[in-house]
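4 protein chains.
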Amino acid sequence: MNKSTVVPTDRPVHRSQLRVRYAETDRMGVAYYANYLIWFEVARTDFLREHGLRYRDLEARGHLLPVGTVDMRLVAPARYDDALHVDVWLEEARSRTITFAYIIGRNEETGRNTVIATGCTTLVAADEQLKPSALPADIRLRFRDLCGGES
Amino acid sequence: MNKSTVVPTDRPVHRSQLRVRYAETDRMGVAYYANYLIWFEVARTDFLREHGLRYRDLEARGHLLPVGTVDMRLVAPARYDDALHVDVWLEEARSRTITFAYIIGRNEETGRNTVIATGCTTLVAADEQLKPSALPADIRLRFRDLCGGES
Amino acid sequence: MNKSTVVPTDRPVHRSQLRVRYAETDRMGVAYYANYLIWFEVARTDFLREHGLRYRDLEARGHLLPVGTVDMRLVAPARYDDALHVDVWLEEARSRTITFAYIIGRNEETGRNTVIATGCTTLVAADEQLKPSALPADIRLRFRDLCGGES
Amino acid sequence: MNKSTVVPTDRPVHRSQLRVRYAETDRMGVAYYANYLIWFEVARTDFLREHGLRYRDLEARGHLLPVGTVDMRLVAPARYDDALHVDVWLEEARSRTITFAYIIGRNEETGRNTVIATGCTTLVAADEQLKPSALPADIRLRFRDLCGGES
């Protein structure tokens, strides 16, 4: 689990921006917890696009990345219309799984940054029938680069 | 638009039961309006299953029914944990479109029935590429029966 | 119902940008229809903010705008990762209801604009107990201005 | 994390039934991962109701239980119209946090049970301003009972 609340410095980190939708709130007046997983997805789609790896293209080539595990820690509530950011990076890349880590934050008017949530998701490389299937070599190489060249 | 708040007596009406999920509420403390469309979908899936026409089987045969138009009127708010029912029937069946109508209600502890919302959705017969495509004859016949044998 | 697929020229129109999330697709491979209502909400929140009327502030003053009616026509499917825009304007402003109209479109790489959906939603002015309640005079005046000064 | 795929025998386990909605699927043809968190919520609401502790009543008394942490492992895909069950129990009850564990399964026509996912969520006792706040004694006692009388 990504317990850290600071982003790594040895690999690329992408920051996605989003605003909490009314639809995403619940009667507690805050964003409902399942939406954090959607925001994680938006951020990793953006991360991949920024690095020239559109996930839609990966699927078009027959490679799917369904989610295998989720860990999440909710630190502070997010409210309707809050402008949030999601920092995302590739934590680990293996031949059959890749792990993204995330920190959701909110820039306060005071200039302070409030951590809203942290989490990580492990995706499993699969074919179109959702059977486990190693990623092609070129994609694996790119993912390895995005992990800081190691792992 | 289905402005009526009474179900028809000349054709089969199915009643689906559901309970408002916390996820479906918003900060107003009531069910967010987009969820009504999901409840409509649950009800028409149930309606079709009850009449021996599983929508998943229809899709397996290559026939899809994407939504073309939606009309909805929200009459009274629904709240978390409310036990609701959705009455659904086939309003009209044509060779390329079918129209479902819905009334969402809540049974109060007093025995009274509160209308929560009414609506109708027109679905368009399409092939797997989502191109308009007439439904097969056996399905059209079944749909016509479910409209009271006419139309 | 907003059957038009062109925006009006006699009043302010706001354009919101959004990208279709994976979460918003369904097994048909296209955006599930309930999400269009969420996109309408995102657009009207943006519209109000652009015109100095943050909806969160309106709620903080005790004025809620729950949705009363929805009309929507889905014209062409939207797919994962599509960059869409939502044009939104105030169609009508009355003392107890306001009506927004929307056109969702997609800019194609050819430069052509594809209409994805059109719709309108009528919101009902209510107090915090969701009882109908006229909007305050300053807000009504602003809404009237945004309708082109008339109505 | 609840890594076990068998329910405990020393405490009450509730089984909720649900059917995968079309809205819950994504373009991969399977249930989108955020929906598992919604199903967990449905199951724990049902669990509490079965044991005479309606969560809506708890909120009416001013006690909220926002989610603090989530762990989830997705084992097999769930598809549209699948009839699933969610087994849920109270894993741990402390004065300020309670932990629910879940196993989502599907009864196959062969009679075999397929595990779809496992997970656990820790909820944090809070007041209406979402500040941490110990649960009242009567509730804590009930929660302790539901954990098998210990912890």
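Chains as they are written, first to last, in the working numbering: chain A, 1105 to 1255; chain B, 1105 to 1255; chain C, 1105 to 1255; chain D, 1105 to 1255. Glycine included, each C-beta is placed from N, C-alpha and C at the ideal position. Values in this document were obtained by computation on a predicted structure and should not be read as measured data.
- Within the region 1119-1183 of chain C, complete alpha helix (DSSP H) segments of at least 4 residues are found at 1138-1154 and 1159-1164, given in chain order.
- Along the region 1155-1168 of chain A, the positions whose C-beta sits under 9 angstroms from a C-beta of chain C are Arg-1158, Tyr-1159, Arg-1160 and Glu-1163, read in chain order.
- Between the region 1215-1228 of chain D and the region 1107-1117 of chain D, the count of C-beta pairs closer than 8 angstroms reaches three or more; the two stretches touch.
- Under the three-state reduction of DSSP output, Asp-1114 (chain D) falls in the coil class, being neither helix nor strand.
- Two segments are said to touch when three or more pairs of C-beta atoms, one from each, lie closer than 8 angstroms; by this definition the region 1148-1160 of chain A does not touch the region 1169-1180 of chain D.
- Of C:Arg-1123, C:His-1155, C:Leu-1141 and C:Leu-1152, the smallest CA-CA separation from Ala-1147 (chain A) is found for C:Arg-1123.
- Using a CB distance cut-off of 8 angstroms, Gly-1172 (chain C) counts as an interface residue toward chain B.
- The CB of Glu-1232 (chain C) never comes closer than 9 angstroms to any CB in chain A; the least such distance is about 12 angstroms.
- Nearest to Asn-1217 (chain A) by alpha-carbon distance, out of A:Asp-1186, A:Glu-1232, A:Arg-1246 and A:Thr-1226, is A:Asp-1186.
- By the beta-carbon neighbour count (other beta carbons within 10 angstroms, threshold 16), Ser-1120 (chain C) is buried.
- Closest option to Phe-1144 (chain A), judged by alpha-carbon separation, among A:Ala-1164, A:Pro-1112, A:Arg-1177 and A:Arg-1115: A:Arg-1177.
- Straight across, the Cα-Cα distance linking Phe-1247 (chain D) with Leu-1194 (chain D) is about 8 angstroms.
- One Cα belongs to Ala-1182 (chain A), the other to Ala-1230 (chain D), and the distance between them is close to 15 angstroms.
- Counting along the chain, the unbroken alpha helix (DSSP H) around Ala-1241 (chain D) starts and ends at 1241-1250.
- In the DSSP assignment, Thr-1201 (chain A) is bridged to A:Val-1228.
- Contact check between the region 1149-1157 of chain C and the region 1197-1205 of chain B: fewer than three CB pairs, one atom from each, fall below 8 angstroms, which does not count as touching.
- Secondary-structure assignment with DSSP links Glu-1196 (chain A) through a beta bridge to A:Thr-1203.
- Neighbours of Ile-1142 (chain C) in chain B, taken as residues at a C-beta separation under 7 angstroms, are given in chain order as Ala-1138.
- Of A:Phe-1151, A:Val-1174, A:Thr-1201 and A:Gly-1133, the smallest CA-CA separation from Asn-1139 (chain D) is found for A:Val-1174.
- Distance from the CA atom of Arg-1165 (chain A) to the CA atom of Ile-1142 (chain D), rounded to whole angstroms, is 31 angstroms.
- Distances from the CA of Asn-1211 (chain B) to each of B:Arg-1131, B:His-1189, B:Glu-1196 and B:Arg-1198 were compared; the closest alpha carbon is that of B:His-1189.
- As DSSP reads the structure, Thr-1218 (chain B) sits in a beta bridge with B:Arg-1210.
- The alpha-carbon of His-1118 (chain D) is positioned some 17 angstroms away from that of Thr-1226 (chain D).
- In terms of beta-carbon proximity, Val-1124 (chain B) stays away from the interface with chain C, with every pair separated by 8 angstroms or more.
- Here Asp-1130 (chain D) is buried. Its C-beta has 16 or more other C-beta atoms within 10 Å.
- Listed in chain order, the positions of the region 1175-1200 of chain A with a beta carbon within less than 9 angstroms of a beta carbon of chain B are Arg-1183 and Tyr-1184.
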